[in-house]
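I have placed the structure first, in the form of structure tokens, so that the comments after it can refer back to it.
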Amino acid sequence: MSTATTKDHPHLAADFNRDEPRVNWHDETLWWVRAKRDIAAHKLPEWELLRETASQIKFNVLSNLSSYLEQFEANAIKNGIIVHWAADATEHNQIVHSLLEQKGITKMVKSKSMLTEECHLNEYLKEQGIDVIDSDLGERIVQLANEPPSHIVLPCIHKKKEEIGDIFHEHLGSAKGESDPKILTETARQHLREVFLTRRAALTGVNFAVAETGEFVICTNEGNADMGAHLAEIHIASMGIEKLIPERKHLGVFLRLLTRSATGQPITTYSSHFSKPQDGTEIHIVIVDNGRSIQLGREEFRNSLKCIRCGACMNTCPVYRKSGGHSYHTAVAGPIGSILAPNLDMKKYADLPFASTLCGSCSNVCPVKIDIHDQLYKWRQVIVKEGYSPKAKTMAMKAMALTLASPTLYRMGGKTGRLVFKYAPFAVNNKLNPWYNQREMPKAPDESFGEWYAKRKGAKNS
Ligand code: SF4
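Written out as structure tokens, the structure reads:
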């Protein structure tokens, strides 16, 4: 289920675009979710105040991260939680494996955690002989389809119900051709109930970790995190270092913003607090860095660590809606993923900051006011400066800079372009031109704007 691919965003988006009805339906569904978000947000007169407050709280957290982390660790330990620190994905995976190994556990149930997707935990554990079952319905569907999630909140948004019916028929024994969502959900429920009752270990993500109390909060709509964690003898929670909030009272701000931004619901169906293990059970928290402290040190991109993973920037992004989550070839897709991924591997993800129109819609909906489109623009500059943009593009941009800096060259270029369009359009309109592959070239005018304007001015003055 690795997202590793040799193709870049334009090529993967072109693959997605081959199925036009799917693109339209993907686009419309996500826009519908975005519209629901707008209705929910507009119902709260204090919405902008909430966004500003959340942004400021996260700013405080990021400015004092090490002390909040230490405070959280001390309080969690006081509560009886065992805390582990992982510098990167490998360490995280090894810690999880060793915890399971110590108990002789070979089967684990997992609820949605984008951090474990980022660390490729499932693949790692599979290689160690551990069977992991994802219990979030959308995650389970993509797991059975052997695909990564395509959206952080709606992991199988790219799948049609008929395709899900086929997957369930193959793996869970539902009737052939059955695509009624209610019946398919019931099939998944029966299957997962058995899993919850038999797995000795459960892994969850963490939405918010409270420094003041050492507790952590997990938000789900299906209650699957609770089912797994309450029934298992060992609960492992994986959290990124940025998930902290200073005090419990701050939860009120974030819980009101999170689901309204994500799906338009006033609150998640389950917002579960975990503060200490039940008798005879263990809770372990693995606190993971994996590049986050490097991002913290990049002043221009630090704000991206405020992200609470609501997915609103994906739902609103015209590029994401039309190109699908898999085209981003990274665990967290869309606008925020395009800021986070180059920090992990600038060369591999150099294409992502360019997968944007920079329209700013993402920044407008972000509940923690991350300047997403500005950061995408800044990443483009860093990537070009560091020499990671394609050579052809770099040369074309240099030529363009020269042309735009010289009125003579600009006029000559315009004239030549109009002549080429008129007499040899095939020089531009051919399959070697990726721009033309997806668009119709405009008809070139007979004269430039400058020529038209000069003529018009001359006529007026005469
Ligand atoms: S960047 Fe903002 S809008 Fe996008 S997922 Fe994160 S919190 Fe939500």
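For reference, each letter of the sequence shown is one residue, going 0 to 461 in numbering that gives the first Met the number 0. Just so you know, even glycine gets a beta-carbon here, dropped at the ideal spot from N, CA and C.
Next item on the list: Mind the definition here: the stretch 354-369 touches the stretch 43-54 only if three or more C-beta pairs lie below 8 Å; say whether that holds.
Entry: With contact defined as three or more Cβ pairs closer than 8 Å, the stretch 354-369 and the stretch 43-54 are in contact.
Check: Would you call the stretch 219-232 and the stretch 85-99 in contact, with 3 or more CB pairs under 8 Å?
Finding: no
Checklist line | Residue of Ala208, Leu136, Cys218 and Glu169 minimising C-alpha distance to Leu191 | finding: Leu136
Next item on the list: Say yes only if the C-beta of Ile56 is nearer than 7 Å to one or more non-hydrogen atoms of the ligand PLP, and no if none qualify.
Entry: As presented, the structure is devoid of the ligand PLP, carrying the ligand SF4 as its sole ligands.
Next item on the list: Enumerate, from N- to C-terminal direction, the unbroken beta strand (DSSP E) stretches of 3 or more residues contained entirely within the stretch 220-291.
Entry: 233-239, 269-273 and 281-287
Next item on the list: Report whether the distance from the Cβ of Pro148 to the nearest heavy atom of the ligand SF4 is below 7 Å.
Entry: no
Check: Which word fits Ala400, buried or exposed, when buried means at least 16 other C-beta atoms lie within 10 angstroms of its C-beta?
Finding: Classified as exposed, Ala400 has fewer than 16 neighbouring CB atoms from the shown chains inside 10 Å of its CB.
Checklist line | Meets three-Cβ-pair contact criterion under 8 Å: the stretch 373-382 and the stretch 287-303 | finding: Because the criterion of three Cβ pairs below 8 Å is met, the stretch 373-382 and the stretch 287-303 touch.
Item checked: Alpha carbon of Val419 to alpha carbon of Pro433, nearest angstrom -> 18 Å
Note to self: Just verifying my parser: in three-state terms, what is the DSSP assignment at Leu357?
What the structure shows: coil
Notebook entry, point to check: Would you say Val32 and Thr212 are within 8 Å of each other, going by their C-beta atoms?
Noted result: No, Cβ-Cβ distance for Val32 and Thr212 is not below 8 Å.
Check: At which residues does the alpha helix (DSSP H) containing Val419 begin and terminate?
Finding: Where Val419 is concerned, the enclosing alpha helix (DSSP H) stretches over Pro406 to Tyr422.
Checklist line | Where Met440 sits in the DSSP three-state scheme | finding: coil
Check: What do you get for Gly79, buried or exposed, if any count of 16 or more other CB atoms within 10 angstroms of its CB means buried?
Finding: By the beta-carbon neighbour count (other beta carbons within 10 angstroms, threshold 16), Gly79 is exposed.
Margin query: Can you tell me whether Arg199 sits near the ligand SF4, meaning its C-beta is under 7 Å from at least one heavy atom of the ligand?
Written below: no
Notebook entry, point to check: Is DSSP giving Cys312 helix, strand or coil here?
Noted result: Helix, per DSSP.
Next item on the list: Give the DSSP bridge partners of Phe215, in chain order.
Entry: Ala208 and Phe273
Next item on the list: With Thr184 as the anchor, note down where its alpha helix (DSSP H) starts and where it stops.
Entry: Pro180 to Thr197 is the extent of the alpha helix (DSSP H) around Thr184.
Next item on the list: Assign Met394 to one of two classes, buried (16 or more other C-beta atoms within 10 Å of its C-beta) or exposed (fewer than that).
Entry: exposed
Checklist line | DSSP beta-bridge partners of Val108 | finding: Ile132 and Ala201
Notebook entry, point to check: So, using beta-carbon positions, are Phe15 and Gly323 closer together than 8 Å?
Noted result: yes
Note to self: Once the 5 residues before and after Thr267 are set aside, which same chain residues still bring their CB inside 8 Å of it?
What the structure shows: Once the five neighbours on either side are set aside, the close Cβ partners of Thr267 are Cys218, Thr219, Asn220, Leu254, Leu257 and Thr258.
Check: Cα separation between Arg198 and Leu124?
Finding: 15 Å
Note to self: In the DSSP assignment, the alpha helix (DSSP H) including Ile94 goes from what residue to what residue?
What the structure shows: Ala88 to Gln101
Notebook entry, point to check: Going by the C-beta, is Pro474 closer than 7 Å to any heavy atom of the ligand SF4?
Noted result: The first residue shown for the chain is 0 and the last is 461, placing residue 474 beyond what the model contains.
Next item on the list: Spell out a yes or no on whether the stretch 21-35 and the stretch 314-322 are touching, meaning 3 or more CB-CB pairs, one atom from each, closer than 8 Å.
Entry: yes
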